[in-house]
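K.L.:
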Ligand code: ADP
């Protein structure tokens, strides 16, 4: 874990509206995220997590305010939400990772042996080298996320942004994915990841950014996971347990029972 105080993402009074201003997804968010850290982005459904990520990725334009990313855009790796990917597209794992080398290969040129070695190395780093020639549609949820991480490695990314990478991924695959992310972070990669897994965010991340349209809190997990912040994020649906002096386990009671 490398802790620095070099800003990598700075939002300054960032607001994003959809539908010609009818839907306010983010409002007046000011925050500075530092390089070298593992940052968990949390908040309930519809809180604006994906919108923040898309603003960082320049996939949408702020309605007001700014977002500045101090990294070469070509060195930002992106792992989209699973639903945003057409998994039946006829490409292999190798093809997807090779896309990360597009800048080095150049348009309308064929990849060289060196590019294929880069791909092999990236796949080895995420433990998928034996699946290089398999169609991406045949992979499990956790493996699919790792293919996109390998693409980021082939791209020599320094900042990796993942939109809900753990949704639909079982606990063991989640552990594999987190181990890959920890290794990359130990090598200096900044990681920004949105998740609904509050326990993971609490135990496994250096910083937590909590949003619900506005920025509710940003800081180290033990500061962010206080009952006030959780109540602002999830209302009465959150239950907290202090299992010992340090750890906290949280459950979101999301069954929407009308009698509760
Ligand atoms: P989260 O990732 O936290 O679930 P989102 O950023 O996807 O939240 O959405 C924030 C709000 O913006 C929600 O109310 C959602 O319905 C709305 N929204 C997201 N994308 C669009 C879109 N393309 N058009 C209109 N509204 C959208």
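In my numbering, the protein residues as written are 4 to 263. C-beta: ideal position from N, C-alpha, C; glycine also.
(1) So, do the segment 45-54 and the segment 113-120 have three or more beta carbon pairs nearer to each other than 8 Å?
(2) Give the single residue among 89, 225, 65, 211 whose Cα lies nearest to the Cα of residue 37.
(3) Quick one: residues in its chain with C-beta nearer than 6 Å to the C-beta of residue 194, no 5 flanking neighbours on either side, listed in chain order?
(4) For residue 54, is the beta carbon positioned less than 7 Å from some heavy atom of the ligand ADP?
(5) So is residue 154 buried or exposed if we call it buried at 16+ other beta carbons inside 10 Å?
(6) Could you tell me the alpha carbon to alpha carbon distance between residue 20 and residue 120, rounded to whole angstroms?
(7) Let me confirm a value: residue 89 is counted as buried when at least 16 other C-beta atoms fall within 10 Å, else exposed. Which label applies?
(8) Would you be able to state if there are at least three C-beta pairs under 8 Å between the segment 24-39 and the segment 82-97?
(9) Residues bridged to residue 79 by DSSP?
(10) According to DSSP, is residue 95 part of a helix, a strand, or is it coil?
(11) Note down the Cα distance separating residue 76 from residue 10, rounded to an integer number of angstroms.
P.N.:
Judging by the given coordinates:
(1) no
(2) Answer by Cα proximity: 211.
(3) 41, 163, 184, 188
(4) yes
(5) buried
(6) 43 Å
(7) When all chains shown are included, residue 89 counts as exposed.
(8) The segment 82-97, when compared against the segment 24-39, does not touch it at the 8 Å Cβ threshold.
(9) Answer is 162.
(10) strand
(11) 15 Å
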